[in-house]
Amino acid sequence: MARLLYSVTMSLDGFIAGPGGDMSWLTPYLGPNPYVDELIGEIGSLLVGNRTFRGDDPYKDTPGEGQAFGGGWSGPQVVLTHRVPATPWPGVTFVSDFAEAVRQARAAAGDKYVNVLGADVARQCLAAGVLDEVLTCIAPVLLGDGVRLFAQPGGRTVGLERIHLSGVPLASLLRYRVLPAG
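Heads up: the sequence shown begins at 64 in the working numbering, then just goes up one per residue.
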């Protein structure tokens, strides 16, 4: 069965998007990353939040604009949204039910990863106990405000076990396995 992996680049102070969902801060850190490039080949589908899907694109004004991983990946995408559009998008399935979105993304991924994109969808995956791993690329920048990597009103502790640590010129990479709640 496909495993769910939340992959994200964040600032050193814990933000994955700037104020208002701004992603332009990320553009200078999209350079070569052999670890991520290899991982992209292990992704079978995307499970994406609606704000992430329709939001700001760090690849804006580049040849990869509007494409997953700047054009480095293509395949089925499942977008979790409260408002399913009337007009279909090629390669994109819009689903309003969380459990159904996870089911469809897993089915589409086969034995590869479902790459979770979007802080709120990742939080829902953690709450449902279906998130298997977290890969965080830490960019050498402080944003001061924006969308947090993980925010849970009232707080919540999630145990993680490190399975990879490395660095490239533009980021430090940390990969964790999500531990069962207990």
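Note that the Cβ used here is the ideal one computed from N, Cα and C, for glycine as well.
Under the DSSP definition of a beta bridge, Gln215 lacks any partner.
A contact between stretches requires three or more CB pairs, one per stretch, nearer than 8 angstroms, and the segment 198–216 fails this requirement with the segment 165–177. Where Arg186 is concerned, the enclosing alpha helix (DSSP H) starts and stops at 182–191. If you draw a straight line from the Cα of Gly94 to the Cα of Leu233, it comes to about 7 angstroms. For Leu206 and Leu236, the gap between their C-alpha atoms comes out near 18 angstroms.
With respect to the C-alpha of Phe132, the residue from Leu89, Asp195, Pro203 having the closest C-alpha is Leu89. Here Thr220 carries a coil assignment [DSSP, helix/strand/coil]. Contact check for Leu194 and Val241: beta-carbon distance about 5 angstroms, within the 8 angstroms limit, so the pair qualifies. In this structure, DSSP gives Glu105 a state outside helix and strand, which the three-state scheme calls coil.
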